[in-house]
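Per this note's numbering, the sequence shown starts with residue 1, numbered consecutively.
Each residue gets a CB set at the ideal place from its N, CA and C atoms; glycine is no exception.
One structure is given here, and the rest of the page talks about it.
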Amino acid sequence: MNMKIGVIGSGIVGQVLATAFLKEGYEVMLGTRNTSKEEVVKWKNENTSGKTGNLSDTAKFGELLVLAVAGSVAEEAVKLAGIGHFKNKIVIDTTNPIAYGAPVNGVLKYFTSLDDSLMERIQKLAPEAKLVKAFNSVGNAFMYKPHFPGGTPTMFICGNDDGAKKTVTDILTTFGYETEDMGKVEAARAIEPLCILWCIPGFIRNQWTHAFKLLKM
Ligand SMILES: NC(=O)c1ccc[n+]([C@@H]2O[C@H](COP(=O)([O-])OP(=O)(O)OC[C@H]3O[C@@H](n4cnc5c(N)ncnc54)[C@H](OP(=O)(O)O)[C@@H]3O)[C@@H](O)[C@H]2O)c1
């Protein structure tokens, strides 16, 4: 039986992943601070089998959660959603710690250092959540069943719970990705900056249509 999915965050990533899970037959609630927001109403009209709700109702509803809010407010959003609702649940963490301010020659600024990551901060805030970093280093247009001439793209993931990573790997396979497990939560220090790298061709050459692939012997 498919799990109920609670998507915390109604931006483009939340909408794309919520729609993808609906297409795969899951029950989905898209969570926002304001269910009357134009884009949330539009999403609901276009996805009649999907639900919308506030952050707390969404976190309670979801047996598996997707965290898809701006990185700068990720901890605040988890608190608003209710830390207790994250207990023992798999949480796909799509967030990036993008700081305010324009990119420098196409290079985004982060509010974390290389000895820290947003995922670790969220994991500390919700220690019983089974966080898995995923979907952070590819554009939303390619998160679900992308077709690249170069083959199946790679999604780099990490997290402390092996069972959670297995579940997320199965989801990623369905969504059209091969998965590379980079280990525990600290690996987010390397995975989150991949978003900086992914965005550079976009900012300097307006090229946004690529994804990472790991080549192995
Ligand atoms: N855009 C992409 O293609 C892409 C790709 C990979 C990863 N990501 C990452 O995915 C995450 C979501 O990105 P996005 O582009 O979809 O949207 P975003 O603009 O980064 O975030 C939008 C969401 O953040 C929520 N939010 C804003 N302020 C809040 C607050 N004070 N408290 C709680 N929630 C708040 C909004 O909630 P309300 O609905 O309540 O207004 C909205 O749902 C980001 O961390 C981003 O770095 C983005």
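- When DSSP states are grouped into helix, strand and coil, Gly14 belongs to the helix group.
- Annotation for Gly6: no alpha helix (DSSP H) segment contains it, though the beta strand (DSSP E) segment containing it runs Lys4 to Ile8.
- Distance from the C-beta of Thr32 to the nearest heavy atom of ligand 1 is below 7 Å.
- Residue state for Leu125 is assigned as helix, using DSSP reduced to three classes.
- Of the residues Lys216, Ile83 and Val13, the one whose Cα lies closest to the Cα of Asn136 is Val13.
- For Val28, the enclosing beta strand (DSSP E) has its first and last residue at Glu27 to Gly31.
- Per the CB criterion, closer than 5 Å to any heavy atom of ligand 1, the qualifying residues run in chain order as Gly9, Ser10, Gly11, Ile12, Val13, Thr32, Arg33, Ala68, Val69, Ala70, Gly71, Val73, Glu76, Ala77, Thr94, Thr95, Asn96, Asn136, Gly139 and Asn140.
- Cβ-Cβ distances below 7 Å link Ala211 to Val138, Phe142, Pro146, Phe148 and Pro153 in the same chain, with the five nearest sequence neighbours on each side left out; the list follows chain order.
- Taking all protein chains shown into account, Asp115 has fewer than 16 neighbouring C-beta atoms within 10 Å of its C-beta and is therefore exposed.
- With a cutoff of 8 Å on beta-carbon distance, Asn96 and Gly71 are scored as near each other.
- Of the residues Val28, Ser49, Gly11 and Asn140, the one whose Cα lies closest to the Cα of Phe61 is Val28.
- The beta-bridge partner set that DSSP reports for Val107 consists of Val104.
- In the structure shown, Thr52 falls within a strand segment according to DSSP collapsed to helix, strand and coil.
- In this structure, DSSP gives Phe156 an extended state, which the three-state scheme calls strand.
- In this structure, Ala81 places its C-beta atom within 8 Å of the C-beta atom of Ser56.
- Between the C-alpha atoms of Gly151 and Tyr144 there is a straight-line separation of about 14 Å.
- With three or more CB-CB distances shorter than 8 Å, the stretch 99–116 counts as touching the stretch 180–193.
- Between the alpha carbons of Lys184 and Glu76 lies a distance of about 23 Å.
- Pairing Lys87 with Glu120 gives a Cβ-Cβ distance that is not under 8 Å.
- Excluding residues up to 5 positions away in sequence, Ala59 and Lys60 lie with their Cβ nearer than 6 Å to the Cβ of His85 in the same chain.
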